[in-house]
Amino acid sequence: MKDSTRLPAPLASWVETVLGPLKAVQDAPHPRENSQVWKVTGRTGDHYVKVAPKAVLYTRETRAYREAVPHLGHGNAPALKDSSADLLALILTAVDGEPLKQEESPARRRAAHRQAGQLLRRIHEALPGHQAQDEAAHVVESAQSGLDMHIAEAGDHLSTAESDMLRHLVSTLPNFGPLPTGRLHGDFRERNLLWNGRRCALIDFERSEPGPLVSDFTRLATSLWPDHPELRAALFEGYGRSLSDAEECALAAFAAADAASALAYGPRYNEALATARGRATVERLMQEGSR
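The sequence shown finishes on residue 318 if you use my numbering, and the numbering steps up by one all the way, no holes.
Take a look at the structure:
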């Protein structure tokens, strides 16, 4: 096997039993801490090997690939070639495209977001709402239970008034009644959308779980949509429906929880984009609350 020193020995042995001898291995981590992903090339072409940082993320991702991803259709997401619970590892087929955020044409970017909306709707409908309802409460509980810790960790990055505003918004989540539920992608944003100029593909399902569907729009609502309302419109055109009034209110609450998390995480790990996202969201929510 050539150029395989970057694969740990047990992982390399398992991958070769599945794919045969490898010709090349290339590091291909996601832009986050503790990401372990490699692009491998063998006699059957290119694949990706991914090692989950936690068992729960491995379980979520393998379950998503088996139960939800087939609903997306051929070529619209990687396919699961094999998995190893002992190694927390998955072997995935390669899909064509680059992260959507690299697309410079406004028209093609809108087209990609329409396709992305279609793909997300298929993921959401892969698990009927009545089956997801019991587990969906976990997503709301997590947003509430982690808030005070994130506010404390954010420290001087949040004023007292801002902290109170975030607490108030997140506290309203249980008030909206049963929200539409289903299978979430869990990290739906442009870096997890691959685009080849014609087709959009969805990747990275390690945070997929049952939950309120509106929570899947949080990352776009806190980073992209404030400056690109046309992309929000394109995505919901593809998704096939708009958010209800209750979902719009819930989205603001999930955005508040995300802002606190970003302002706890960003400064600690010197992640300027996360910090900027958190600050911008807090300022926007404060302005909306003062109207």
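Backbone N, C-alpha and C define an ideal beta-carbon position, used for all residues, glycine too.
- By the neighbour-count definition (other C-beta atoms within 10 Å, threshold 16), His-157 is an exposed residue.
- For Asn-223, the closest alpha carbon among the candidates Arg-33, Val-76 and Ala-139 is that of Ala-139.
- A residue is called buried once 16 or more other Cβ atoms fall within 10 Å of its Cβ, and Met-176, having fewer, is exposed.
- Between the segment 237 to 255 and the segment 108 to 126, the count of C-beta pairs closer than 8 Å stays below three; the two stretches do not touch.
- With contacts defined by Cβ atoms closer than 7 Å, Ile-118 and Val-45 form a contacting pair.
- In the structure shown, the three-state DSSP call for Pro-294 is helix.
- In this structure the segment 266 to 285 touches the segment 187 to 204; the number of beta carbon pairs closer than 8 Å is three or more.
- Spanning the alpha carbons of Gly-316 and Thr-308 requires a straight line of approximately 12 Å.
- Sequence-distant partners of Arg-93 (beyond 5 residues in either direction) whose C-beta falls short of 7 Å from its own C-beta, in its chain, are Leu-107.
- Cβ neighbours of Leu-312 within its own chain (closer than 8 Å, five residues either side excluded): Met-192, Leu-193, Leu-196, Ala-279, Ala-282, Ala-283 and Ala-286.
- Ranked by Cα distance from Gln-142, the options Gly-209, Thr-302, Gly-293 and Gly-265 are led by Gly-265.
- In the DSSP assignment, Ser-172 falls within the unbroken alpha helix (DSSP H) covering 156 to 172.
- Annotated as proximal: Val-67 and Val-52, with beta-carbon spacing under 7 Å.
- DSSP places Thr-89 in the uninterrupted alpha helix (DSSP H) bounded by 82 to 94.
- Contact check between the segment 253 to 267 and the segment 175 to 189: fewer than three CB pairs, one atom from each, fall below 8 Å, which does not count as touching.
- Taking the Cα positions, Thr-187 is about 27 Å away from Trp-252.
- Beta-bridge annotation (DSSP): Trp-65 is paired with Asp-54 and Val-76.
- DSSP places Thr-245 within a helical segment (H, G or I) once states are collapsed to three.
- In the structure shown, Trp-41 adopts helical secondary structure according to DSSP, grouped into three states.
- For the pair Thr-120 and His-74, the Cα-to-Cα distance works out to about 5 Å.
- Cβ neighbours of Pro-294 within its own chain (closer than 7 Å, five residues either side excluded): His-184 and Thr-302.
- Here DSSP, grouped into helix, strand and coil, assigns Thr-187 to helix.
- Around the beta carbon of Gly-305, 16 or more other beta carbons sit within 10 angstroms, so the residue counts as buried.
- Look at Ser-132 here: in three-state DSSP terms it is coil, with no helix or strand label.
- According to DSSP, residue pairing for Ser-110 in a beta bridge involves Leu-117.
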